[in-house]
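Worksheet: the structure to be examined is printed underneath.
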Amino acid sequence: MSNDEIFACLRDILIETFDIEAERITPEARLYEDLDIDSIDAVDLIVKLKPLVAKRLQPEAFKAVRTLRDVVDALQGLIKSPDTAGA
Numbered sequence: 036m037s038n039d040e041i042f043a044c045l046r047d048i049l050i051e052t053f054d055i056e057a058e059r060i061t062p063e064a065r066l067y068e069d070l071d072i073d074s075i076d077a078v079d080l081i082v083k084l085k086p087l088v089a090k091r092l093q094p095e096a097f098k099a100v101r102t103l104r105d106v107v108d109a110l111q112g113l114i115k116s117p118d119t120a121g122a
């Protein structure tokens, strides 16, 4: 799955789940400051992202993310990692 495909899925989740306007969703958008994604929302987001990587997602893998680009990079890393890395 390419970064563009991951971003498109992420964009759809943000629009459908959190009612975020499409024009606010850019790779540089900051989760907390720009999109108002709080810690509870972040957990919901992780649950929605799980099917993209087909493995269990650990919240620790997302502690350092600040922007949507960071989320895409983290997901790409999990997709490319061996099964044990995300479990």
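Residue numbers (this note's numbering): 36 to 122.
All residues carry an ideal CB built from backbone N, CA and C; glycine is no exception.
Nearest residue (CA-CA) to residue i, options the options
| i | options | result |
| --- | --- | --- |
| I60 | L45, D73, R91, K115 | L45 |
| L87 | I75, R101, V106 | V106 |
| E40 | D73, I75, Q111 | Q111 |
Same chain only: Cβ atoms within 6 Å of residue i, ignoring 5 sequence neighbours per side
| i | result |
| --- | --- |
| L70 | I55, A64 |
| A120 | In this prediction, A120 scores a pLDDT of 43, lower than 50, which makes its location untrustworthy; the coordinate-derived value is nonetheless stated afterwards. Here the set comprises nothing. |
| K85 | L92 |
First through last residue of the alpha helix (DSSP H) which encompasses residue i
| i | result |
| --- | --- |
| S74 | 74-88 |
| F97 | F97 -> no alpha helix (DSSP H), and no H or E assigned at all. |
| R104 | 103-115 |
| E51 | 38-53 |
Same chain, Cβ closer than 8 Å to residue i, neighbours up to 5 away in sequence not counted
| i | result |
| --- | --- |
| V78 | P94 |
| K83 | I48, T52 |
| P62 | F42, T102, L103, R104, V107 |
Chain-order list of residues whose beta-carbon lies under 7 Å from that of residue i (same chain, five-residue window excluded)
| i | result |
| --- | --- |
| A109 | A96, F97, V100 |
| A122 | Because A122 sits at a pLDDT of 43, beneath the cut-off of 50, its placement in the model cannot be relied upon, and the following sentence gives the value as read from the coordinates. K90, R91. |
Proximity of residue i and residue j at Cβ, strictly below 9 Å
| i | j | result |
| --- | --- | --- |
| L66 | L92 | no |
Closer than 8 Å: residue i CB and nearest the ligand FAD heavy atom
| i | result |
| --- | --- |
| P117 | Inclusion of the ligand FAD in the displayed structure is not the case, the ligand content being empty and no account of it being possible. |
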